[in-house]
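Protein chains in written order, with my numbering: chain Z, 6 to 396; chain H, 2 to 216.
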């Protein structure tokens, strides 16, 4: 079954007042959630982020304002019908304990009147998708599953009828840190395939920065203080509130958001083992370097050679120099790279990309430069956007 | 005459009375279960309504059974009618209470999940809330059954059917021939019936409580 991508959601002047409460929980909120993106509603508890999310599938009815899903006003759709086409994932999964895993996942297709053969096929497909062996887990009851497994089933249940929109209310909040990280990674992997429109509610800054394509920073009354990509929020917080909520260390957080492969790496001369010593020496000195990297025919890094190793020799380089101790992978985060750099025997470490092919070198100053570049770029982008339309 | 001789000489009558007793209790509890669960389902979401329902059932509960049966004679006369009415009324309280408690005990997150994936309120009640509350409701019905067994015996006071007749006629001529045998037969018979019904409830629980929430 082909999976369908997401649709845009637009909130227009949405207000929610609860009877008996003074200030509205959500106050004239405008928000455009683009199709196929993960938008994180981030804010302290009681700021109205969950209420905002619950209005999208009409678990709460807006007091005023409109919510358009793929251009259609949600008021015009029967709430039960609407919810069958919006996946819903809550904390601790909310699996029905008296139903097996398969029956839990089958609920929405059943509501939609699919025949049992199609449902059974879909259930297995979904369990596979969330990394659970259908043969092993299909007939188990939720209480026989770990918290992480339960939440996987929760995600499978939400995806069962291939809805274009997914609402996730602190879905990983009750999990231990390791399981949470893993499920976040899997959600991102799934999202690469599915491209759903996901509204993700959390109060966890790190989770928001990791998961979100965009983050809506919220204050009491669901007032959006800043609505931007994670890097922009980190590099250019809109005000003190955002900065305070991020909790400082914004450079450290940028390190976690950025992959080694995405920054500009340093270059050093590199050569194969059969390269001529004198020519390599000339190349090193021409570039003002002190050393070069020797790679094999598949361009895997082998050894460092210094000017002193090469001086006064002739013929091919052969096995001169010292073996490369550490390498850093292109898909590591800058934070992991920094950790490796601090522990490495040399100041400069080769970076390898796919199939461990040499793609550059990195040092502490490379990382520092990269962070400065990112900050400058984000500042520039923000300035352009603010000035552009008016200028 | 020993107890055993007493029982074997009146085997047919005793079996008939036991069957009557069992049938009366079963039917009363069945009616009370349908009514009680209905009242529970209709009232559990509204605190004051369920308080009212429970309060009324509670007041009925405090009336001594003998007095209740006596009070029912003027409107209903003697025999089956007042017996059945009294037993059903007594059986209501534990069933309503356990239905309300059971339904309220269902994790609010699960009801939210049920509504959130698009179940109607009715479907959520039938597919999620009632199945999850069922063990508690079943316990209420079981308690109601034990209660009905005992009150069924007192029903003989208004010439109701069942094993109570053995007890009352024995007590009425205490010291006379077979008085003790008669009373003992009625009492033991009711105990045995109660145990039998209880065993049925254990079986019913096994058959009807979904696997995932069975203790």
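We treat Cβ as the ideally placed atom computed from N, Cα and C, and that holds for glycine.
What you are looking at is a predicted structure, and each value in this text was computed from that prediction instead of being measured.
Among the options, which one has its Cα closest to the Cα of residue i?
i: residue 150 (chain H); options: H:38, H:211, H:189; result: H:189
i: residue 206 (chain H); options: H:171, H:194, H:138, H:186; result: H:138
i: residue 310 (chain Z); options: Z:336, Z:333, Z:283; result: Z:283
i: residue 318 (chain Z); options: Z:299, Z:290, Z:286; result: Z:286
i: residue 27 (chain Z); options: Z:225, Z:352, Z:131; result: Z:225
i: residue 346 (chain Z); options: Z:360, Z:370, Z:175, Z:361; result: Z:370
i: residue 22 (chain Z); options: Z:37, Z:16, Z:12, Z:68; result: Z:68
i: residue 366 (chain Z); options: Z:40, Z:380, Z:334; result: Z:334
i: residue 153 (chain Z); options: Z:184, Z:243, Z:135, Z:126; result: Z:184
i: residue 245 (chain Z); options: Z:223, Z:216, Z:85; result: Z:223
i: residue 57 (chain Z); options: Z:37, Z:375, Z:30; result: Z:30
i: residue 274 (chain Z); options: Z:151, Z:107, Z:363, Z:179; result: Z:363
i: residue 111 (chain Z); options: Z:85, Z:143, Z:177; result: Z:143
i: residue 90 (chain H); options: H:79, H:70, H:124; result: H:70
Run through DSSP, which three-state label would residue i get?
i: residue 21 (chain H); result: helix
i: residue 329 (chain Z); result: coil
i: residue 276 (chain Z); result: strand
i: residue 236 (chain Z); result: helix
i: residue 222 (chain Z); result: strand
i: residue 37 (chain Z); result: strand
i: residue 6 (chain Z); result: In this prediction, residue 6 (chain Z) has a pLDDT of 42, which is less than 50 and means its spatial position is unreliable; nothing more can be read from the coordinates.
i: residue 102 (chain H); result: helix
i: residue 78 (chain Z); result: strand
i: residue 308 (chain Z); result: strand
i: residue 87 (chain H); result: helix
i: residue 84 (chain Z); result: helix
i: residue 395 (chain Z); result: Only weak support exists for where residue 395 (chain Z) lies, its pLDDT of 45 falling under 50; the value from the coordinates is given anyway. Coil at residue 395 (chain Z), not helix or strand.
i: residue 32 (chain H); result: helix
i: residue 1 (chain H); result: Since the first residue shown for chain H is 2 and the last is 216, residue 1 (chain H) is missing from the structure and cannot be characterised.
i: residue 371 (chain Z); result: helix
i: residue 397 (chain Z); result: With chain Z covering 6 to 396 only, the question about residue 397 (chain Z) has no answer from this structure.
i: residue 124 (chain H); result: helix
i: residue 31 (chain Z); result: strand
i: residue 72 (chain Z); result: strand
i: residue 94 (chain H); result: helix
i: residue 322 (chain Z); result: coil
i: residue 263 (chain Z); result: coil
i: residue 13 (chain H); result: helix
Since residue i is in the alpha helix (DSSP H), which residue starts that stretch and which ends it?
i: residue 186 (chain Z); result: 182–199
i: residue 210 (chain H); result: First-last for residue 210 (chain H): undefined, no H or E at that position.
i: residue 289 (chain Z); result: 282–291
i: residue 165 (chain H); result: 165–173
i: residue 247 (chain Z); result: 245–251
i: residue 351 (chain Z); result: Taken as a continuous stretch (DSSP letters only), residue 351 (chain Z) belongs to no alpha helix (DSSP H), as it is neither H nor E.
i: residue 214 (chain Z); result: 210–216
i: residue 132 (chain H); result: 131–155
What residue range is occupied by the uninterrupted beta strand (DSSP E) comprising residue i?
i: residue 14 (chain Z); result: 14–21
i: residue 2 (chain H); result: Element bounds for residue 2 (chain H): n/a, residue is neither H nor E.
i: residue 207 (chain Z); result: 202–207
i: residue 95 (chain Z); result: 91–95
i: residue 365 (chain Z); result: 363–367
i: residue 355 (chain Z); result: 354–357
From residue i to residue j, what does the alpha carbon distance come to, in whole angstroms?
i: residue 325 (chain Z); j: residue 294 (chain Z); result: 17 Å
i: residue 102 (chain Z); j: residue 377 (chain Z); result: 51 Å
i: residue 52 (chain H); j: residue 199 (chain H); result: 29 Å
i: residue 10 (chain Z); j: residue 43 (chain Z); result: 12 Å
i: residue 193 (chain Z); j: residue 215 (chain H); result: 37 Å
i: residue 91 (chain Z); j: residue 140 (chain H); result: 38 Å
i: residue 7 (chain Z); j: residue 119 (chain Z); result: At residue 7 (chain Z), the pLDDT of 46 sits below 50, so the modelled position is not reliable; the number obtained from the coordinates is stated separately. Looking at the two C-alpha atoms, the distance is approximately 16 Å.
i: residue 228 (chain Z); j: residue 107 (chain H); result: 34 Å
i: residue 220 (chain Z); j: residue 100 (chain Z); result: 28 Å
i: residue 269 (chain Z); j: residue 301 (chain Z); result: 23 Å
i: residue 55 (chain Z); j: residue 195 (chain H); result: 52 Å
i: residue 1 (chain H); j: residue 50 (chain H); result: Residue coverage of chain H in this structure runs from 2 to 216, which leaves residue 1 (chain H) outside it and unanswerable.
i: residue 396 (chain Z); j: residue 385 (chain Z); result: Unreliable positioning characterises residue 396 (chain Z) in this predicted model, as indicated by a pLDDT of 36, which lies under 50. The coordinate reading is nonetheless provided below. Going from the Cα of residue 396 (chain Z) to the Cα of residue 385 (chain Z) covers about 15 Å.
i: residue 2 (chain H); j: residue 179 (chain H); result: 7 Å
i: residue 133 (chain H); j: residue 159 (chain Z); result: 19 Å
i: residue 12 (chain Z); j: residue 120 (chain H); result: 23 Å
i: residue 109 (chain H); j: residue 115 (chain Z); result: 22 Å
i: residue 25 (chain Z); j: residue 195 (chain Z); result: 42 Å
Using a Cβ-based criterion (distance less than 7 Å to any ligand heavy atom), does residue i qualify as near the ligand GTP?
i: residue 72 (chain H); result: For the structure depicted, the ligand GTP is absent and the ligand set is empty, with no information on it obtainable.
Give me the chain C residues within the contact set of residue i, using Cβ-Cβ distance strictly less than 8 Å, ordered along the chain.
i: residue 138 (chain H); result: Chain labels in this structure do not include chain C; the protein chains are Z and H.
Self-check item: Runs of beta strand (DSSP E) lying entirely within the stretch 41–83 of chain H, each at least 3 residues, in chain order
Solution: none
Quiz item: Going along the chain, which unbroken runs of the beta strand (DSSP E) with 3 or more residues stay wholly within the stretch 107–175 of chain Z?
Solution: 170–174
Quiz item: What are the start and end residues of each continuous beta strand (DSSP E) run of 3 or more residues lying completely inside the stretch 39–70 of chain Z, in chain order?
Solution: 43–47
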